[in-house]
């Protein structure tokens, strides 16, 4: 006699629903998300996926929504109310932007100890001290966006909230740092590549990651982790006067952080990066699906793509092997390093942006101009 099917719990049902959007929205903590997010949260995310929102934006929204739900449960004992009342928004600001000096004399100032412990035990808090103002603003902005997508209005533009944020930032100033303290310029990249000198699978993969990420304009770690063979097309070789033609590949980026699904941004690889990529895919026998994959203890190549955090970890590992400080570099250093190196070599900014696919001239120029100004005439008035 067949056993009757047992009904799914709410958490199990949400986990299955998360699986249906995992291809568009990769999530490594599915079971935890299913416990933290509500049915309405999942439905909102499914709606955003169907609306064609960019993968990176969806990941950021999901990450912030999960944090907000975890904080709401720890701070109030309940899931977030929608729309959030102004008092809850003010509590969020008070818990995340506070004065360390005042905290020393008044332990109740800032995030309560039990809330801090709860978030820390779940892996949502790692650093000590108040949050960066930019992080708080981003989470409030995403909270507001998710509220609007539910067809609701919130108190996110209230004078009281704006005043609270302004006063809190003034009381707890933090130095604004780049995502990567140092750019991975050509000389640094050469040292990292020198650590990938063998024909082992790990060296071949990491060499390809470094060269492809840098040479394709400083691709984001999510773009490298999500790269698939179907995005690569072989282009005609590039003629070289007095030498052999250089191999060429096009990478079709599709939907990225700054584009919609209807756009197909294309960047190109020429020469050594193409050779490095081909060497990895041939050795790993990858002819379809994810390009960059995990490698098991016994040298087995996984069928699943590496995650974006692994790209960052690989770069930090290579930095350490090169005798540099891992804390000073990250995956974003390849992106800033590409533009810095372009400036050092006298490549015009518009041409560099064609490859990096920066949409903001101001943002791209912030890396480009630092290199140009350092060696420019304005900095050499007295020699």
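Numbering (our numbering), first residue to last: 5 to 387. For each residue, glycine too, the CB sits at the ideal point set by N, CA and C.
Assigned secondary structure, residue i (DSSP; H/G/I helix, E/B strand, else coil)
| i | result |
| --- | --- |
| residue 247 | strand |
| residue 3 | An answer regarding residue 3 cannot be provided, because it is not within the stretch 5 to 387 covered by the chain. |
| residue 180 | Because the pLDDT of residue 180 is 48, which lies under 50, any placement of that residue in the model is unreliable, and the number read from its coordinates should be weighed accordingly. Coil at residue 180, not helix or strand. |
| residue 3 | In the structure as shown, the chain begins at 5 and stops at 387. Residue 3 is therefore absent and cannot be evaluated. |
| residue 301 | coil |
| residue 352 | coil |
| residue 274 | strand |
| residue 294 | strand |
| residue 192 | helix |
| residue 166 | helix |
| residue 10 | Confidence is the limiting factor: at residue 10 the pLDDT is only 48, short of 50, which leaves the residue's position unreliable, though a coordinate-based value still follows. The answer is coil: DSSP assigns residue 10 none of H, G, I, E or B. |
| residue 41 | coil |
| residue 201 | coil |
| residue 214 | helix |
| residue 283 | helix |
| residue 18 | helix |
Residue(s) in a DSSP beta bridge with residue i
| i | result |
| --- | --- |
| residue 258 | 269 |
| residue 220 | DSSP output for residue 220 lists no bridge partner at all. |
| residue 236 | 255 |
| residue 242 | 250 |
| residue 83 | BP columns for residue 83 are empty, so no partner. |
Per-residue burial, residue i [other beta carbons within 10 Å of its own, 16 or more giving buried]
| i | result |
| --- | --- |
| residue 359 | buried |
| residue 286 | exposed |
| residue 156 | exposed |
| residue 242 | exposed |
| residue 210 | buried |
| residue 389 | It is not possible to answer for residue 389, since the shown part of the chain is limited to 5 through 387. |
| residue 302 | exposed |
| residue 101 | buried |
| residue 251 | buried |
| residue 227 | buried |
| residue 182 | Here the model assigns residue 182 a pLDDT of 49, short of 50, so the residue's position is not dependable, and the following value carries that caveat. Residue 182 comes out exposed. |
Cutoff 6 Å; reference residue i; Cβ partners in own chain excluding five residues on either side
| i | result |
| --- | --- |
| residue 105 | none |
| residue 189 | 341, 344 and 345 |
| residue 223 | 217 |
| residue 330 | 320, 323 and 324 |
| residue 42 | 83 |
| residue 280 | 211, 212 and 215 |
Own chain partners of residue i with C-beta closer than 7 Å, once the 5 adjacent residues on each side are dropped
| i | result |
| --- | --- |
| residue 309 | 229, 230, 294, 296 and 297 |
| residue 221 | 271, 342, 359, 360 and 361 |
| residue 206 | 299 |
| residue 1 | Because residue 1 is not part of the residues shown, which for the chain are 5 to 387, the question remains open. |
| residue 1 | Beyond the ends of the chain as shown, which are 5 and 387, falls residue 1; an answer cannot be given. |
| residue 318 | 210 and 213 |
Own chain, CB closer than 8 Å to residue i, minus 5 neighbours either side, in chain order
| i | result |
| --- | --- |
| residue 133 | 104 |
| residue 118 | 78 |
Quick check on the DSSP output: what are the complete beta strand (DSSP E) runs of length 3 or more inside the segment 46-75, in order along the chain?
For the segment 46-75, not one full-length beta strand (DSSP E) segment reaches 3 residues or more.
Every unbroken alpha helix (DSSP H) within the segment 85-161, with a cutoff of 4 residues, ordered by chain:
Listed in chain order, the complete alpha helix (DSSP H) runs (minimum 4 residues) inside the segment 85-161 are 90-100, 104-109, 117-125 and 137-153.
Mind listing, in chain order, the continuous beta strand (DSSP E) runs of no fewer than 3 residues lying wholly within the segment 305-340?
305-309
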